[in-house]
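Residue numbers (our numbering), protein chains in the order written: chain A, 101 to 291; chain B, 1280 to 1478.
Please read the structure below before turning to the comments.
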């Protein structure tokens, strides 16, 4: 079985790359298989400014917290109930984990999904208080509700050519765009 | 995220995009793709600096891309978690909408006082109310935008990697990447765990 090295928080100002075990299509807290999930081989994964809050010791992140929520990868294993995403698909992963079934997801408010974090609305990979999902600054990562969450790139070769741009779709680009869009920026605006 | 927001504002058709920062490297990066910049280490009042660029002391739209670890500006200023929010209100015209993708938290063990430790900050809501500002908070619901932004990338309508200065490093080098990023490097570090991006 392949290993899986991941960036891990080791206390204020410290991170390390450690073996955390190859991901499984399991939901241990719910004591069942994650048949709606996939395993991704991570192609690119970005360091986010919000990771810095944890690493500076400015959150309640415990030592051992796995990091990484800006993930792009290739599907290498597919759960039984995944219908549309296929092995070999190259996909961008929205950093918000969303079920696609709850009231908030149905309204398109995937940042406050009600099903993926027992503690509060909203979840993310590898982030304190965000549901306990494992981080994606790793070689491999499990993505739940794959049909709903993943954005498949139309053409693999074209995508690999522009991967430095496409890797920004998991968080920083949409988040920056959201800031401008919700501030009402349009043609001719001063910002 | 500020640089991504600036590139997004350009994509949305903005006439003028002003980036304020205290890190010269990042201001330079913003200028490299056509933004105006304000060096917040200078003591001058923010509305005056905005006026020098757009001819009036206000802008149509303002965005807080910083969040709760914000520092006050001017020489020797310390952490001031509400400063960016108060600044954007001061320069957003009456009736403006304010985007707040910068992260704020409910628990911050390193907060500057007891209030900040629970995410209660000195926001001048009276000013925002008087100017009828509207605020959008919270995580970006990525799915609302990612498909369209992917199409903009694939059809060369935006150069986001260039704007944020995407810099590919090995997974093993992540600790160094975190250090450099923390010191204010104007780079967006992209980890490459399987060596698939290495140029």
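For every residue, glycine included, the Cβ atom is placed at its ideal position computed from N, Cα and C.
As the structure is a computational prediction, the values presented were derived from the model and not from experiment.
By the Cβ criterion, the segment 1461 to 1473 of chain B is in contact with the segment 1304 to 1312 of chain B, since at least three pairs of Cβ atoms, one from each stretch, lie closer than 8 angstroms. A Cβ-Cβ distance of about 4 angstroms is found for the pair residue 225 of chain A and residue 169 of chain A, placing them in contact under the 8 angstroms criterion. Judged by DSSP secondary structure, residue 1300 of chain B falls within the beta strand (DSSP E) whose first and last residues are 1297 to 1300.
Along the length of the segment 1303 to 1370 of chain B, whole alpha helix (DSSP H) runs at least 4 residues long occupy 1303 to 1311, 1325 to 1333, 1362 to 1370, reported in chain order. Taking a beta-carbon distance threshold of 8 angstroms, residue 1312 of chain B does not count as an interface residue toward chain A. Residues of the segment 189 to 210 of chain A with a C-beta less than 8 angstroms from any C-beta of chain B: 192, 194, 195, 196, 198, 208, 209, 210, listed in chain order. Nearest Cα to residue 1284 of chain B within the set A:284, A:276, A:282, A:283: A:276. For residue 105 of chain A, no alpha helix (DSSP H) segment is defined; the enclosing uninterrupted segment is the beta strand (DSSP E) at 105 to 109. When CB distances to chain B are screened at a threshold of 9 angstroms, the residues of the segment 123 to 149 of chain A falling below it are 141, 142, 143, 144, 145, 146, 147, 148, 149, in chain order. By DSSP's assignment, residue 126 of chain A forms a beta bridge with A:133. In the same chain as residue 1372 of chain B, and ignoring 5 residues on each side of it, the C-beta atoms closer than 8 angstroms to its own belong to 1337, 1338, 1339, 1410, in chain order. Taking residue 1320 of chain B as the centre and dropping the five residues before and after it, the same chain places the C-beta of 1301 closer than 6 angstroms to its C-beta, in chain order. Closest in C-alpha terms to residue 127 of chain A, from the list A:186, A:181, A:244, comes A:244. When rounded, the separation of the alpha-carbon atoms in residue 1280 of chain B and residue 1443 of chain B is 8 angstroms. Using a Cβ-Cβ cut-off of 8 angstroms, residue 287 of chain A counts as an interface residue toward chain B, since at least one Cβ of chain B sits closer than that to its own.
Judged by DSSP in its simplified three-state form, residue 1457 of chain B adopts helix. Using a 10 angstroms sphere on the CB of residue 165 of chain A, the tally of other CB atoms reaches 16 or more, which defines it as buried.
In this structure, residue 1347 of chain B sits near residue 1387 of chain B, with a CB-CB distance shorter than 8 angstroms. The straight-line gap separating the alpha-carbon atoms of residue 1297 of chain B and residue 1420 of chain B is approximately 25 angstroms. Sequence-ordered contacts of the segment 224 to 244 of chain A with chain B read 237, 238, 239 [C-beta pairs closer than 7 angstroms]. Under the 8 angstroms criterion on CB atoms, residue 246 of chain A is classed as non-interfacial with respect to chain B. When secondary structure is reduced to three states using DSSP, residue 182 of chain A falls in the coil class, being assigned neither helix nor strand. In the three-state scheme derived from DSSP, where H, G and I count as helix and E and B as strand, residue 1441 of chain B is classed as helix. In this structure, the CA atom of residue 249 of chain A is about 13 angstroms from the CA atom of residue 269 of chain A. Per DSSP, the beta-bridge partners of residue 1414 of chain B are B:1377. The C-beta separation of residue 194 of chain A from residue 1422 of chain B comes to about 5 angstroms, placing the pair in contact by the 8 angstroms criterion.
In this structure, the alpha-carbon of residue 290 of chain A lies about 24 angstroms from that of residue 1425 of chain B. Residue nearest to residue 280 of chain A within the set B:1349, B:1377, B:1365, B:1427 is B:1377 (criterion: CA-CA distance).
Pairing residue 251 of chain A with residue 1335 of chain B, the inter-Cα distance amounts to about 42 angstroms. Three or more pairs of CB atoms, one per stretch, sit closer than 8 angstroms, so the segment 1359 to 1371 of chain B contacts the segment 1379 to 1396 of chain B. Neighbourhood of residue 1428 of chain B in chain A, by CB distance below 7 angstroms: 269, 273, 274, 277, in chain order. Of the other Cβ atoms in all chains shown, 16 or more fall within 10 Å of the Cβ of residue 233 of chain A; this residue is therefore buried.
Residues of the segment 1404 to 1429 of chain B with a Cβ closer than 8 angstroms to any Cβ of chain A, in chain order: 1415, 1417, 1418, 1419, 1420, 1421, 1422, 1423, 1424, 1425, 1426, 1428, 1429. The three-state reading of DSSP puts residue 289 of chain A in coil, since its state is none of H, G, I, E or B. By the beta-carbon neighbour count (other beta carbons within 10 angstroms, threshold 16), residue 220 of chain A is exposed.
Spatial neighbours of residue 231 of chain A in its own chain (CB-CB distance under 6 angstroms, excluding positions within 5 residues in sequence) are listed in chain order as 216, 217, 223.
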